[in-house]
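This report refers to the structure that appears directly beneath it.
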Ligand code: ADE
């Protein structure tokens, strides 16, 4: 799977993909993450990619042409399944959307900045608009990193234990049960006996009960679905 991210701040996306699981996924050839600097597609010597909003108002608006040039260049090189725009007014990212995107081949992700992007980019090129939650960030770069992480870790072979993505919180519609590691007794705070029992059936039953109780307490809305 290939992710092409278009941004005015490519430096913001250097580190998130250079560590741990996402780095290994790229080294193993399971996914490719390519960051494009939007300014490389500006047609002026200042490399500016924004302008004042028509109709007045504060803030600058990202122009159509640089995005169009970059998207069209990429689309001439290979087919893309979606052109995604990260925006707080998009569809909220959840596990089911991440699962769905992980079945795709190539994705283009656009990061907005300033006041926003010219509506024509959204009308003409964008096929899917995604928010990472009901709050506003300074730009789409961190949301793009969140999206790529949520999707790439689901690709076959990315996680060493094939079952671990399946046992994530949300995958079965429930939050995760509590987890523990050594020591079994830390300053008098003990790990639940059942986890030390070696009785797999009892452990699984306990985990299911805990997952359900935690979901009821913290996210009852998940049980409505
Ligand atoms: N850009 C700014 N805020 C955002 C959010 N919450 N989700 C996606 N993109 C954004």
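Residue numbers (the working numbering): 3 to 227. For every residue, glycine included, the Cβ atom is placed at its ideal position computed from N, Cα and C.
Is any heavy atom in the ligand ADE found nearer than 6 Å to the beta carbon of residue 168?
-> no
Does at least one heavy atom of the ligand ADE sit under 6 Å from the Cβ of residue 62?
-> no
Would you mind reading off the limits of the beta strand (DSSP E) that contains residue 39?
-> 34-39
Where does residue 75 fall in DSSP's three states?
-> helix
Using 6 Å as the cut-off, classify the Cβ of residue 196 as near or not near the heavy atoms of the ligand ADE, replying yes or no.
-> no
Have a look at residue 211 and residue 178 and give me their C-alpha separation to the nearest angstrom.
-> 10 Å
Would the beta-carbon of residue 7 be found less than 6 Å away from any heavy atom of the ligand ADE?
-> no
Is the closest heavy atom of the ligand ADE to the C-beta of residue 133 under 6 Å?
-> yes
Residue 135 versus residue 223: straight-line alpha-carbon distance, rounded = 16 Å
Throw me the rounded Cβ distance for the residue 9 and residue 113 pair, which I believe falls under 8 Å.
-> 4 Å
Can the beta-carbon of residue 62 be found less than 7 Å from the beta-carbon of residue 145?
-> no
Residue 108 - partner residues in DSSP beta bridges = 4
Name the two residues that bound the continuous beta strand (DSSP E) containing residue 85.
-> 84-94
Just mark residue 124 as buried or exposed, buried being the case when its beta carbon has 16 or more other beta carbons within 10 Å.
-> buried
Taking only heavy atoms of the ligand ADE into account, decide whether any of them is closer than 6 Å to the Cβ of residue 37.
-> no
With DSSP run on the structure shown, which of helix, strand or coil describes residue 13?
-> helix
Close-in-space but distant-in-sequence residues of the same chain around residue 106 (CB under 8 Å, 5 per side omitted) | 3, 83, 84
Hey, quick one: how far does the beta strand (DSSP E) through residue 132 stretch, first residue to last?
-> 130-133
If you draw a straight line from the C-alpha of residue 246 to the C-alpha of residue 154, how long is it?
-> The question about residue 246 has no answer, for the chain in this structure spans 3 to 227.
Would you list the residues sitting across from residue 188 in a DSSP beta bridge?
-> 191
Inspect the CB distances between the stretch 43-57 and the stretch 14-30 and report whether three or more fall short of 8 Å.
-> no
Range covered by the alpha helix (DSSP H) that runs through residue 22 | 22-29
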